[in-house]
Structures are given as C-alpha cells and as structure tokens.
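A.B. asks: With the first letter of the sequence shown counted as 1, position 261 gets the number 264 in the numbering used here; the numbers rise by one all the way through. Where is the CB? At the ideal position from N, CA and C, for every residue including glycine. This is the structure, below, for whatever I ask next.
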Amino acid sequence: MKTVVVTGISTGIGNATAAELLAQGWHVFGSVRSQSDAAKAIEQFGSERFTPLTFDVTDEEAVRAAVEQVRLHLNGTTLDGLVNNAGSSYTDPLMVQSVEDFRRQMEVNVVGMFAVTRSFFPLLGGDPALRGAKGRIVNLGSVGGRIAFPLLGAYVTAKHAVEGLSGALRRELQLVGIDVIVVGPGPVQTSIWDKAEAQSFPEVTGTIWEKPFRGYVDWMITSGRKGLPASTVGTTIARALTVRHPRTRYAPVQGKLVNETIPSLLPPRMVDRVLGRRFGLLPR
4 MKTVVVTGIS TGIGNATAAE LLAQGWHVFG SVRSQSDAAK AIEQFGSERF
54 TPLTFDVTDE EAVRAAVEQV RLHLNGTTLD GLVNNAGSSY TDPLMVQSVE
104 DFRRQMEVNV VGMFAVTRSF FPLLGGDPAL RGAKGRIVNL GSVGGRIAFP
154 LLGAYVTAKH AVEGLSGALR RELQLVGIDV IVVGPGPVQT SIWDKAEAQS
204 FPEVTGTIWE KPFRGYVDWM ITSGRKGLPA STVGTTIARA LTVRHPRTRY
254 APVQGKLVNE TIPSLLPPRM VDRVLGRRFG LLPR
C-alpha cells in the first residue's frame, strides 16, 4: 500500500487531497494542529487507512515526533510521498503590514515547508537502510508564485520562495532519486474567502491604499468563490504523485492563458501598468 504525509488536511486543498488519495487506496498521514481537528478528521476519513499527525509546521519538535510516528508505522520501508500543503495567507499593502506578520508568512509558508521536508527526507529514501522505492515531494505553490500580485505582497513573496526552494531541492535530491514537484493553483473555492469577507482590515483605514485595497479584497473574494473546486487541485496533486513521468510544475488555473501564461511573458513594466490600472494603483 502506498503511503503519504499530507500537511494541513483540516480543510480546503489538503482535505481534498487526503480524500482523493484515500479513494485511490493510499494510507494517508494527515497533519492537523489540534486534537479536536484530529478527531474531526478521523470522523471524516475513518481510521483504517488514515492516521492523524498533530503538529504545527513551525514547531520542529512536534514535527520530529510526527516523523517517528510515521517511521514506526512504515516498519523499515520508505514513505512514498510528502505533500507540503500547510500554509497561511495574509492580505495587506506591504507598507502597512507589520514586520511580525510578514515574518510569520515566511515562517509558515517557507521555513515550515523546509523544516518538514528536511525532517521527512530520511523516510522518503534519504536513509539507505530503508526498503522500497524513493518517494516524491509535492509542494503547494500558487499563481502568486509566478506573478507578483500587489496588495498580497507577503504571500506572493513566500510563494515565489516556494518556487525557488522546490527547484533547488529537485536538483539536489536527484542525487538520491527523490523528485520534487510544484502544484501552483489559481483561486480555489475554500473557506478562506468567508474569513476574508469577515475581516475589517482597520490598518488600511485612512491610508492611501484604502480604496484600492478594499476593491482588491472584493475582487479576490469574488474570484475565489468562482474559483476551482478544491477537489480539482487534490486530483492534480494525486496525479503528480502517481504518473510515471511527472512535470516539474502543474498549474490548475482557470483561464490560464490570460491569468498566468501571458502575464509571465509580458515585460514587467507592462504588467505593472495593467495591474495598476485594474486595482487603482497608478499615480493620479
């Protein structure tokens, strides 16, 4: 039976990924941050082929304990997959965002991903004493890892870092036969949009960014609610783990040509003007 660790399975993409892999017959170790979330996950997925792991990706001691839990279950065999899905999104103009909040984005979305990967590396095949095929790593990126959307600066900084981290890891880990793949979706239908709508963002009130920012939040919520189902991204992640010759990057993005491909090819100054016009960020 194939085995995989998926971080952040309480809701959204992580939950959909766990459901898809369980449907395909995998044993899923899914990370949550609390015992109550672990109980909910067991209620949803059962306990026959699902094992909850309780840790925050920024808590190295808890991550190491989870590694030992998985190691005992594997009984001398390798782990087939690691899906680094856990992350957070923080929306604010950069010049009103606190350094603490910016740092937190890096800690969760980049440093946490690195820490989890480094900890599970031996089980994925880095330990030559283990039996079985080498595992694969799938890192959750974003269209924001390719295009620097304004008013979401900390998040797109983190997701650009995920792209660089994944590329460097892939080239280093080819030495031991462990592949690294990025799945970078566009807007996805998750509960995050309800949370965004409920926020008042008092830090932008009275600043020069207030009007464009509130318009941007409305656009982002609308785009998210019309976005891809989380199950579509979960299916893409499962494909990245199972196809014989995976791509280095998958981009499940609605209207990909307009929303990712063309902006990636246009001169940066042109994209500056297009996004500036769309979100009211051009000088008056």
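Can you tell me where the alpha helix (DSSP H) with Asp104 in it begins and where it stops?
C.D. replies: Val102 to Met109
A.B. asks: Using CA atoms only, rank isn't needed, just tell me which of Ser13, Asp275, Ala22 and Ala26 is closest to Ser37.
C.D. replies: Ser13
A.B. asks: Determine contact between the stretch 254 to 273 and the stretch 211 to 221, defined as no fewer than three beta-carbon pairs at a distance below 8 Å.
C.D. replies: no
A.B. asks: Given this structure, state the Cα-to-Cα distance separating Ile240 from Gly209, to the nearest angstrom.
C.D. replies: 42 Å
A.B. asks: Who pairs with Leu244 in a beta bridge, going by DSSP?
C.D. replies: According to DSSP, Leu244 bridges with nothing at all.
A.B. asks: Would you kindly work out how many angstroms separate the C-alpha atoms of Ser101 and Asn88, rounded to a whole number?
C.D. replies: If I take the Cα positions, the gap works out to 25 Å.
A.B. asks: Less than 8 Å between the beta carbons of Leu143 and Thr94, yes or no?
C.D. replies: no
A.B. asks: Spatial neighbours of Glu110 within its chain, please: CB distance less than 6 Å, with the 5 preceding and 5 following residues excluded, ordered by chain position.
C.D. replies: Thr61
A.B. asks: Got a sec? Which residues, its chain only, sit under 8 Å from Val179 by beta carbon, not counting five neighbours each side?
C.D. replies: Here the set comprises Gly128, Gly129 and Lys137.
A.B. asks: How big is the Cα-Cα spacing for Gly167 and Ala161?
C.D. replies: Those two C-alpha atoms are separated by around 10 Å.
A.B. asks: Can you tell me which of the three DSSP states Ser267 falls into?
C.D. replies: Residue state, collapsed to three classes: helix.
A.B. asks: From what residue to what residue does the alpha helix (DSSP H) around Gly84 run?
C.D. replies: Premise fails: Gly84 lies in the beta strand (DSSP E), Gly84 to Asn87, not in any alpha helix (DSSP H).
A.B. asks: Can you tell me which residues form a DSSP beta bridge with Ser34?
C.D. replies: Leu56
A.B. asks: Please check the pair Gln202 and Arg228, which I expect to be a contact at CB under 8 Å, by giving their CB distance rounded to whole angstroms.
C.D. replies: Gln202 to Arg228, Cβ: 16 Å. No contact.
A.B. asks: Between the Cα of Ser234 and the Cα atoms of Lys5, Phe58, Leu77 and Ala22, which residue gives the shortest distance?
C.D. replies: Ala22
A.B. asks: For Gln192, which three-state DSSP category applies?
C.D. replies: Under the three-state reduction of DSSP output, Gln192 falls in the strand class.
A.B. asks: Give the single residue among Thr80, Arg287, Gly147 and Ser34 whose Cα lies nearest to the Cα of Met223.
C.D. replies: Gly147
A.B. asks: Counting along the chain, where does the beta strand (DSSP E) carrying Thr6 start and finish?
C.D. replies: Thr6 to Val9
A.B. asks: How would you write the range of the beta strand (DSSP E) that Ile140 sits in, first residue to last?
C.D. replies: Arg139 to Leu143
A.B. asks: For Ser145, count the other beta carbons within 10 Å of its own beta carbon; 16 or more makes it buried, fewer makes it exposed. Which is it?
C.D. replies: buried
A.B. asks: Comparing alpha-carbon positions, which option in Val31, Leu284 and Ile16 lies nearest Val7?
C.D. replies: When the alpha-carbon of Val7 is set against those of Val31, Leu284 and Ile16, the nearest one is in Val31.
A.B. asks: Does the beta-carbon distance from Gly187 to Arg139 come in below 8 Å?
C.D. replies: no
A.B. asks: When burial is assigned at 16 or more other CB atoms within 10 Å of the CB, is Asn78 buried or exposed?
C.D. replies: Around the CB of Asn78, fewer than 16 other CB atoms lie within 10 Å, so the residue is classed as exposed.
A.B. asks: Is the beta carbon of Ala44 sitting closer than 8 Å to the one on Gly237?
C.D. replies: no
A.B. asks: Start and end of the alpha helix (DSSP H) containing Val159?
C.D. replies: Gly156 to Leu176
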